[in-house]
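Residue 48 is where the sequence shown starts when you use the numbering used here, and the numbers rise one by one after that.
We put the beta carbon where it would ideally sit given N, CA and C, even for glycine.
Have a look at the structure below before the remarks.
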Amino acid sequence: MDIFSRYVVGWMVAHQESTALAKRLIEQSCIKQNIEPEQLALHADRGSSMKSKGVAQLLADLGITKTHSRPYVSNDNPYSESQFKTLKYCPEFPGRFGSIQDSRAFCQRFFRWYNQEHYHSGIALMTPENVHYGMAQKIYDDRVEVLKSAFDLNPKRFKGNVPKPPILPKAAWINKPETDSVLYD
48 MDIFSRYVVG WMVAHQESTA LAKRLIEQSC IKQNIEPEQL ALHADRGSSM KSKGVAQLLA
108 DLGITKTHSR PYVSNDNPYS ESQFKTLKYC PEFPGRFGSI QDSRAFCQRF FRWYNQEHYH
168 SGIALMTPEN VHYGMAQKIY DDRVEVLKSA FDLNPKRFKG NVPKPPILPK AAWINKPETD
228 SVLYD
């Protein structure tokens with residue numbers, strides 16, 4: 048997941064976790080998203096696949112910085128925790144999947160909806176796709192115009208104040224790098 052846009056860039060349902068599958072998911076996601084070396088930081092849990100030499104070597108080869116969750120902390124990534132809760136509490140989420148094919152079919156529908164239709168309060172009520180692919184500013188500007196028009200038609204409805212849409216996010220961090228201003232405050 049791209050934590051800034053909340054866009055799920057890749058996913059996989061498999062019978063088991065393995066280094067080979069983790070490498071395949073990361074590599075395919077990077078190719079699909081045209082990730083350039085030194086462009087990405089990948090934050091992962093401390094599972095054996097994500098800590099493996101094979102994944103570490105792949106990340107080094109791709110020029111990807113890696114970070115890991117704190118030891119023994121299962122909820123270190125609030126972005127993925129929130130996304131997982133959205134998945135789990137989806138009304139269509141079954142009590143059990145009949146087969147791995149059923150779970151893959153469900154996830155295919157879910158992640159399409161999540162990326163393309165689900166509006167997030169944390170990203171100014173935009174869809175992840177709109178933010179991820181750079182359409183958010185245009186949508187924001189259009190919303191400003193619509194709200195201004197509504198105000199112009201009936202200013203009393205808004206108590207004399209032009210309404211504004213939620214502000215677009217500027218950045219998102221899990222492990223924010225230290226800066227000089229933080230070091231010397």
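Exposed unless 16 or more other CB atoms sit within 10 angstroms - verdict on residue i
i	result
L106	buried
Y161	buried
E225	exposed
I170	buried
I73	buried
R156	exposed
M97	buried
H167	buried
S146	exposed
S196	exposed
Cα-Cα separation between residue i and residue j, rounded to whole angstroms
i	j	result
P84	I111	6 angstroms
Q80	V178	14 angstroms
F198	N208	8 angstroms
Q130	D49	11 angstroms
Y231	H165	Residue confidence is low: Y231 scores 44 on pLDDT, short of 50, so the model does not pin down where it sits. No coordinate-derived value is stated.
N124	Q163	22 angstroms
C256	K185	In the structure as shown, the chain begins at 48 and stops at 232. Residue 256 is therefore absent and cannot be evaluated.
A183	S116	30 angstroms
P138	K132	12 angstroms
L215	Y187	8 angstroms
Residue i, DSSP secondary structure in three states
i	result
H62	coil
H179	helix
D188	helix
A107	helix
L89	strand
Y161	helix
CB-CB length for residue i against residue j, believed under 8 angstroms
i	j	result
T66	G101	4 angstroms
S52	P175	5 angstroms
F140	W58	That pair is no contact at about 15 angstroms.
Check whether the region 78-95 touches the region 190-204, taking contact to mean three or more Cβ pairs, one atom from each stretch, closer than 8 angstroms. no
Report yes or no: do three or more beta-carbon pairs, one from the region 178-193 and one from the region 144-159, lie closer than 8 angstroms? no
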